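Below is one structure, written out as structure tokens; the observations come after it.
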Amino acid sequence: MEQIYDMIVSKSFKAVVVSDSQSSDYADWEKLFKGAMARNKDADFFVDLGDIVDNGEDEFQWQTWLKSVEPTISDIPLVPALGNHEAYTLDWKMMLPERYTSHFNVPQNGDSSLPNHYYSFDWGDVHFTVLDTSLYEEKEWIPDLYEKEKVWAKKDILQSKKKWKVVLMHKDPFQYSFADPSRPARQEGFSEEGQTFMPIFDETGVDLVLSAHLHTYRDRGHVYDFKRNPKGPAYVILGLSGNVRYPGLWKEHALDEYTAPQPETDNYVVLEASEDALILTGYLPDGSELHRTEVRKSE
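Structure follows, in structure tokens:
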């Protein structure tokens, strides 16, 4: 029987955030994760922003990953976000992320017909909205996923009375051009996920959006109506926490304010909330500081 991990919410706030933990053998990932948790023993929960494993149908990978996060996952809650690799079969075709949805038990306040796909929760004075950004992979079964999710997300965020509103999503709202000339041309701008959800983030007063997927750490600052504007949410994409690296793949985006040193290595983030700010600090595997972002309410 597959083990189910329940989420328990408390009022304190410090979280370790990882992303793209997918790996060849999960040894590098386990070393990074255990080091991050050893340096943050007071963390109250941890987040994985998706692509938790490299192949979502491979139960061996799931068991390897689950073993790698012990004893932490038995002591504090995990906040998982659904990544596209969770929706791949063993022969790399698309599928519904059945192993993902069976392994994790999250708040059942999303679509009742899609349990564990998207959800929200409160922690202290922060409201978290966790999205499913795998329409491309799931569209054969859920063609109206984003239409349903837009309606739900807007209502979910607007009804929250918490001071801070944070969105967690796997696929990045920004679209980057390829730096690798062997790749097909792709125009810089905003991804389908960005075009779908960023107007909702503007409308509902989201403060911070954390994303992943591209295996590169970038801070884009505050963006509103697809332009730089302090009125909008802060957008930070996390790099990888596993060992599937894409060296030199992406060009700079016009809205990038910070890019991790290249060639990029693994990294993780610590998110802390106070009455006055959300503080996001990125770290390299050895614990040295990579980057720091503070989000404050504009006067």
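Final position of the sequence shown in numbering that gives the first Met the number 0 is 298; the numbers increase by one with none missing.
Glycine included, every Cβ here is placed at the ideal spot set by N, Cα and C.
These figures come from a predicted structure and were not determined experimentally.
Check	Outcome
Environment of tryptophan 151 [buried if 16+ CB atoms lie within 10 Å]	buried
6 Å Cβ shell around methionine 197 - same chain, five flanking residues per side excluded	Pro172
Close-in-space but distant-in-sequence residues of the same chain around glycine 82 (CB under 6 Å, 5 per side omitted)	Gly49, Asp50 and His169
Closest by C-alpha distance to isoleucine 75, when choosing among Asn266, Phe12 and Trp249	Phe12
Serine 273 versus aspartate 121: straight-line alpha-carbon distance, rounded	14 Å
Nearest neighbour of asparagine 115, chosen from Ala35, Ser101 and Lys153 [CA to CA]	Ser101
Unbroken stretches of the alpha helix (DSSP H), 4 residues or longer, contained in the segment 12–80	26–38, 58–67 and 71–74
Span of the beta strand (DSSP E) around alanine 233	233–236
Bounding residues of the alpha helix (DSSP H) (the contiguous stretch that carries threonine 215)	Element bounds for threonine 215: n/a, residue is neither H nor E.
Buried or exposed (CB count within 10 angstroms, at least 16 for buried), tryptophan 138	Position check: residue 138 holds lysine in this sequence, whereas tryptophan was assumed. Its Cβ having fewer than 16 others within 10 Å, lysine 138 is exposed.
Glycine 123 versus methionine 36 - alpha carbon distance	21 Å
Span of the beta strand (DSSP E) around alanine 272	267–272
Three-state secondary structure assigned by DSSP to arginine 98	helix
Unbroken beta strand (DSSP E) run spanning isoleucine 156, endpoints	No beta strand (DSSP E) holds isoleucine 156; the alpha helix (DSSP H) holding it covers 144–157.
Endpoints, beta strand (DSSP E) assigned at glycine 123	Segment: none, glycine 123 is in no beta strand (DSSP E) and carries neither H nor E.
contact_flag[the segment 208–220, the segment 140–155] where n(CB pairs < 8 Å) is 3 or more	no
Pairwise C-alpha distance: phenylalanine 177 and proline 262	15 Å
Beta-carbon proximity list for glycine 109, same chain, < 7 Å, skipping 5 on both sides	His116, Tyr117, Tyr118 and Trp151
Presumed contact (8 Å Cβ cut-off) between histidine 126 and lysine 164, rounded CB distance	5 Å
Residue span of the alpha helix (DSSP H) that contains leucine 134, given as start and end	134–137
As assigned by DSSP and simplified to three states, the class of alanine 253	coil
Straight-line gap, alanine 233 to methionine 94 (C-alpha atoms, nearest Å)	32 Å
Close-in-space but distant-in-sequence residues of the same chain around threonine 258 (CB under 6 Å, 5 per side omitted)	Arg217
Phenylalanine 45 vs leucine 65 beta-carbon contact at 8 Å	no
Cβ-based neighbour list, aspartate 57, same chain, cut-off 7 Å, excluding 5 preceding and 5 following	Leu89
Three-state secondary structure (DSSP) of methionine 93	strand
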